[in-house]
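Top line first, the protein sequences correspond to chains A and B. So the number in the working numbering is just where the residue sits in the first sequence, counting from 1, plus 974. So the number in the working numbering is just where the residue sits in the second sequence, counting from 1, plus 51. Working notes, beginning with the structure itself.
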Amino acid sequence: MCTAVALALSELPDELVLAHDLGVRIHTRGGEKEVRFYWRAAPALLPVWWNGGLKVVKWGNWDRAERKLPPTGWTWQTTVEAGRWSAMEPEPVEILATYGLSNGVWFRVQQGMRGLLVRTRGGEPVVYMICEPSTRYFRVMTRAEWMPVLIGEVI
Amino acid sequence: MTAFVAHLDADCFYVSAERVRHPDLIDKAVGVLGNNGACVIAKSYEMKARGVKTGTPIWDAKALCPEGVYVKRDFYWYEVLSRKMLGIVGTFSPKVEYYSIDEFFFRAERLHPRQNLHQTATAIRDHILEAAGLPVTIGVARTRTLAKLFSDTGKPFGAVAVLERDHERELLATLPVTEISGIAGRRAARLAPYGIRSCLDLADADGRLVNRLLTKTGYEIWLELNGTPVTPIRPERPPHKALGRGGSLMGNVDQPVVLWAWAVRHVERLIEELNYHNVRTTALAVEVGWKTGGSTCGVVSIPTPTDRFDDLLDAARVALRRAFVPYATATHLHVLATELRRGKGFQLSLFDTPDPKKDAAAQAKAAVNARHGRFKVRSGVTLYLPAVYADPANNFDICDVRGKICF
Ligand SMILES: [Mg+2]
Chain A
975 MCTAVALALS ELPDELVLAH DLGVRIHTRG GEKEVRFYWR AAPALLPVWW NGGLKVVKWG
1035 NWDRAERKLP PTGWTWQTTV EAGRWSAMEP EPVEILATYG LSNGVWFRVQ QGMRGLLVRT
1095 RGGEPVVYMI CEPSTRYFRV MTRAEWMPVL IGEVI
Chain B
52 MTAFVAHLDA DCFYVSAERV RHPDLIDKAV GVLGNNGACV IAKSYEMKAR GVKTGTPIWD
112 AKALCPEGVY VKRDFYWYEV LSRKMLGIVG TFSPKVEYYS IDEFFFRAER LHPRQNLHQT
172 ATAIRDHILE AAGLPVTIGV ARTRTLAKLF SDTGKPFGAV AVLERDHERE LLATLPVTEI
232 SGIAGRRAAR LAPYGIRSCL DLADADGRLV NRLLTKTGYE IWLELNGTPV TPIRPERPPH
292 KALGRGGSLM GNVDQPVVLW AWAVRHVERL IEELNYHNVR TTALAVEVGW KTGGSTCGVV
352 SIPTPTDRFD DLLDAARVAL RRAFVPYATA THLHVLATEL RRGKGFQLSL FDTPDPKKDA
412 AAQAKAAVNA RHGRFKVRSG VTLYLPAVYA DPANNFDICD VRGKICF
C-alpha cells in the first residue's frame, strides 16, 4: 500500500503550509525541501488538485471520526467503478506527488495519482487514494500487492 | 604530429539520463532498477556513497539508502540520449567509435590552433552537458588503453589530457594493474611474482616477458601502455547494451531438469542473437519468474568475452543455481548477455584462450542448422522439452525484434 507521498515544497504555496502547519512535515532530500504526507501522521493529509486549485485535505477516515465512511485511506478502482461510492456523491481529484512510498521504497511519480473526494456530514472534504492491483514490475520493486492508480504512466 | 585518442564515458549514465527528463532527481540518491524491478542496475554517486552497488537487490538498497528514489529503467530513452551524445561528439571529431551505450572513443583534435587538448576535452565535456544535459568524463592520451585508464581517474565530470611521457608515467604509477580490463585474478597473480603491480610496472616490464605471461593480447596492452597504438578507432554501429532471450515456460515448471532444459534452449537462441550482432559477452544472467510472484536473478561474469556454447553453458549452470528456489514453481525464464563486447579483434577484452576444436564444433553446428533448419542440431539437454521443439510455432519468437531487449 502507498503510505506516503512527498511533494516538493516549492510546489506548495506558503499560505497552505501555514494554514495546515506543514512546517513540521518538511524534510530535505538531496538538498531539496519537500513536504511528506504520511498516512501515520496526525492528522493524515494529502495535497490534491481540486476545484481548479491546490488544496490540502484530510486523507481518509483514519480517526474514525465519521461513522459512515470506511476507516481507511484507500479504495479500489473496482469499487469506484462498481458505483459503490455513488451515494456519497464523490468527486475525482488528482493527488499531487513527486514521490510515493510503498513498503519503504520511494518511487518517482510523473504527475500524480487518482483520488476520490467525498464529504463528511459536516461538509468537510476527505480524500481516498484509488488503488489497483500492482503491475508485476511494481510488485517486484515494492513487494506491495496494490499500487496507486498513477496518472499518465505505468510502473 | 602524434594523433591522440579520446575516451568519453558518461557519468552514471542511466541516472543522468533520468535526470535529463526529471530534474527533480538532480543531487538526490537515485537508483535505476533493472528489467524486473528487483535489482539496482545504475546508481547515482549519492547512492553509491551509501554502499549501493550495481546489482544490489532493491531490498538491500532501500535499507542502505532509505531516502533513495527508485526509477524503472527505460532503455529506449537511454538509447535516444546515447545517440544524441554520439551526434554531438561527431561534430567535434571526424572519427568516433561507439564502444557502448555510454562510452565512445574518438580522435582528439584541437578545436582551435591556440587551444590545447586539455581545453578541447573540457570544451567538449561542457558542451555535452549544456546540449544534452549529460555529465561525462573525457580522457585524452596517445592510445585507447591510456585514454580509458586516464578518463577513469578523472571521474566524475573530468577532462584529462595526458600528452607527455612523464605525465603518463606519473599516473600509471598510481594505478594498480587490475585497473586494466581483463587483468584481474589469475592474470594479476601471474604478474605478481615479477613485481608487476602497478600499470607502470607493466609498462616497464620486458615486452617478451609480458607476451609470455599474458599472450599476444597482453603484449598489445603493453604496447599501448607505452604509447604505441595497436587498436584503431572503429567508427561503426554499436553493440547493444544487452541481449536477451526467454519468456514464458508455457505452463508451470517444478522439475529442475525441465527448468535447465529451458535455460539451455534460451542459451542456444541467445547465441544466434550474439552471432547475428557479432558480439560476445562477459556476463550471463538467468532470471526466473515464479508462480507465487516475484523473480530471482543469478549473474555470472565470464573472464573472456564469449559466444561459445560450452562457455555460456557453464555460466548458465551457475547463474541458474543462483536464481534457483527449491520446491518453487517457475513460470518464466530469461537468459541475458549483459556485458557485450565486439565480436572480433576488440581491445581490452580479448584474452581469448584459443580453442580451435570448440570453435570448429560451434561452426559446424551453426552450418548444419543454417542448412537444415533451426535447432536441428541442439543440446541433448533440451530433449526434456519435446513439445516445444515439435511445435513449429516455436521456431519463431514473438519477441525476436532485433535491436530491442526482449521482455
Ligand atoms: Mg559510464
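C-beta atoms are modelled at their ideal positions from N, C-alpha and C, and glycine is treated no differently.
- Reduced DSSP secondary structure (H/G/I, E/B, other) of M1087 of chain A: In the structure shown, M1087 of chain A sits in a strand (DSSP, three-state: E or B).
- Nearest to V998 of chain A by CA position, among A:P1017, A:G1004, A:E985, is which residue? With distances taken between Cα atoms, V998 of chain A lies closest to A:P1017.
- Query: For N1035 of chain A, does the count of other Cβ atoms within 10 angstroms reach 16, so buried, or fall short, so exposed?
  - Reply: Burial call: buried.
- Task: Enumerate in chain order the residues of its own chain whose CB-to-CB distance from A980 of chain A is below 6 angstroms, with the five nearest sequence positions on each side excluded.
- Result: For A980 of chain A, same chain residues with a beta-carbon under 6 angstroms away, outside a window of 5 residues either side, are E1008, R1010, T1072, Y1073 in chain order.
- Query: To the nearest whole angstrom, what separates the beta carbons of L1090 of chain A and V1054 of chain A, a pair I think is in contact under 8 angstroms?
  - Reply: So it is a contact: roughly 6 angstroms between Cβ atoms.
- Is it the case that the CB of E154 of chain B approaches a heavy atom of ligand 1 more closely than 7 angstroms? In this structure, E154 of chain B has its beta carbon less than 7 angstroms from a heavy atom of ligand 1.
- Message: Quick check: what's the CA-CA separation for L364 of chain B versus L251 of chain B?
- Response: Spanning the two alpha carbons is a distance of roughly 37 angstroms.
- Message: By the three-class DSSP mapping on this structure, what secondary structure does E1127 of chain A have?
- Response: Note: E1127 of chain A maps to coil in three-state DSSP.
- Item | Segment contact flag, the segment 1038-1050 of chain A with the segment 72-89 of chain B, C-beta cutoff 8 angstroms, min 3 pairs | Not touching, per the Cβ criterion.
- Query: Using the beta-carbon of each residue, which ones in chain B are nearer than 8 angstroms to Y1073 of chain A?
  - Reply: Within 8 angstroms Cβ-Cβ: V120.
- Query: What number of angstroms, rounded off, separates the C-alpha of A381 of chain B from the C-alpha of G424 of chain B?
  - Reply: Going by the C-alpha atoms only, they are around 29 angstroms apart.
- Can you tell me the Cβ-Cβ gap for V337 of chain B and A314 of chain B, rounded? I've got them flagged as a contact below 8 angstroms. Sure, about 6 angstroms apart at Cβ, within 8 angstroms.
- Task: Please say whether T332 of chain B and A412 of chain B have beta carbons closer to each other than 8 angstroms?
- Result: In terms of Cβ geometry, A412 of chain B and T332 of chain B do not form a close pair [threshold 8 angstroms].
- Message: By the 7 angstroms beta-carbon criterion, what residues does the segment 96-119 of chain B contribute toward chain A?
- Response: So the list reads E97, I109, K113, P117, E118, G119, given in the order they occur along the chain.
- With G190 of chain B and A57 of chain B assumed to form a contact (beta carbons below 8 angstroms), what rounded beta-carbon distance in angstroms separates them? Sure, about 7 angstroms apart at Cβ, within 8 angstroms.
- Message: Below 8 angstroms on the Cβ atoms is my contact criterion, and I expect A367 of chain B with L335 of chain B to pass it. Report the Cβ-Cβ distance as a whole number of Å.
- Response: Rounded to the nearest angstrom, the Cβ distance from A367 of chain B to L335 of chain B is 6 angstroms, consistent with a contact under 8 angstroms.
- Spatial distance of D995 of chain A from D988 of chain A (CA atoms): Near 10 angstroms, if we compare the C-alpha coordinates of D988 of chain A and D995 of chain A.
- Candidates A:Q1085, A:T1116, A:R1110: closest to E1127 of chain A by CA position: The shortest C-alpha separation from E1127 of chain A is found at A:Q1085.
- Item | Beta carbon of S496 of chain B nearer than 8 angstroms to that of L226 of chain B | What is shown of chain B runs 52 to 458, which leaves residue 496 of chain B out entirely.
- Query: Under three-state DSSP, which class holds S299 of chain B?
  - Reply: When secondary structure is reduced to three states using DSSP, S299 of chain B falls in the strand class.
- Which one or two residues does DSSP pair with M1062 of chain A in a beta bridge? Checking the DSSP bridge columns, you'll see M1062 of chain A has no partner listed.
- Message: If I measure Cβ to Cβ from L990 of chain A and keep anything under 6 angstroms in the same chain, skipping five residues before and after, which residues do I get?
- Response: By the criterion of a C-beta distance shorter than 6 angstroms, L990 of chain A is surrounded in its chain by V1030, once the five residues flanking it on both sides are discounted.
- Proximity test, Cβ basis, 8 angstroms: V1101 of chain A and chain C: Annotation note: the requested chain C is absent from the structure, which comprises protein chains A and B.
- Can you grab the Cα-Cα spacing for the pair R1095 of chain A / M1103 of chain A, in whole Å? Going from the Cα of R1095 of chain A to the Cα of M1103 of chain A covers about 20 angstroms.
- Look up E271 of chain B in the DSSP assignment and give the residues it is bridged to. E271 of chain B pairs with nothing; no bridge assigned.
- Message: Against chain B, with Cβ distances strictly below 8 angstroms, would M975 of chain A count as a contact?
- Response: No, M975 of chain A does not count as interfacial toward chain B.
- Item | V213 of chain B burial status per 10 Å Cβ neighbour count (16 or more: buried) | Answer is buried; the Cβ neighbour count reaches 16.
- Message: Taking the alpha carbon of I284 of chain B as the reference point, which residue from B:A239, B:I92, B:A256, B:Y150 has its own alpha carbon closest?
- Response: Closest by alpha carbon: B:Y150.
- Task: Please list the segments of the beta strand (DSSP E) lying wholly inside the segment 326-374 of chain B, counting only runs of 3 or more residues, in order along the chain.
- Result: If only complete runs of 3 or more residues are kept, the segment 326-374 of chain B shows the beta strand (DSSP E) at 330-341, 346-357, in order along the chain.
- Using 8 angstroms as the Cβ pair cut-off and three pairs as the minimum, do the segment 122-131 of chain B and the segment 139-146 of chain B touch? No, the segment 122-131 of chain B does not touch the segment 139-146 of chain B.
- Could you tell me whether the Cβ of W1080 of chain A comes closer than 8 angstroms to any Cβ of chain B? Yes, W1080 of chain A counts as interfacial toward chain B.
- Considering R158 of chain B, what are the terminal residues of the beta strand (DSSP E) in which it resides? Where R158 of chain B is concerned, the enclosing beta strand (DSSP E) stretches over 154-159.
- Query: Taking the alpha helix (DSSP H) that S461 of chain B falls in, what are its first and last residues?
  - Reply: This structure leaves residue 461 of chain B out entirely; chain B is present only between 52 and 458.
- Task: Identify the continuous beta strand (DSSP E) that holds A978 of chain A and give its terminal residues.
- Result: A978 of chain A: member of the beta strand (DSSP E) spanning 976-982, first to last residue.
- Query: Is any beta-carbon of chain A found at less than 8 angstroms from that of K470 of chain B?
  - Reply: For residue 470 of chain B there is no data in the structure shown, the boundaries of chain B being 52 and 458.
- Task: Please state if the CB of F157 of chain B and the CB of V140 of chain B are separated by a distance shorter than 8 angstroms.
- Result: Cβ distance < 8 angstroms, so V140 of chain B and F157 of chain B count as in contact.
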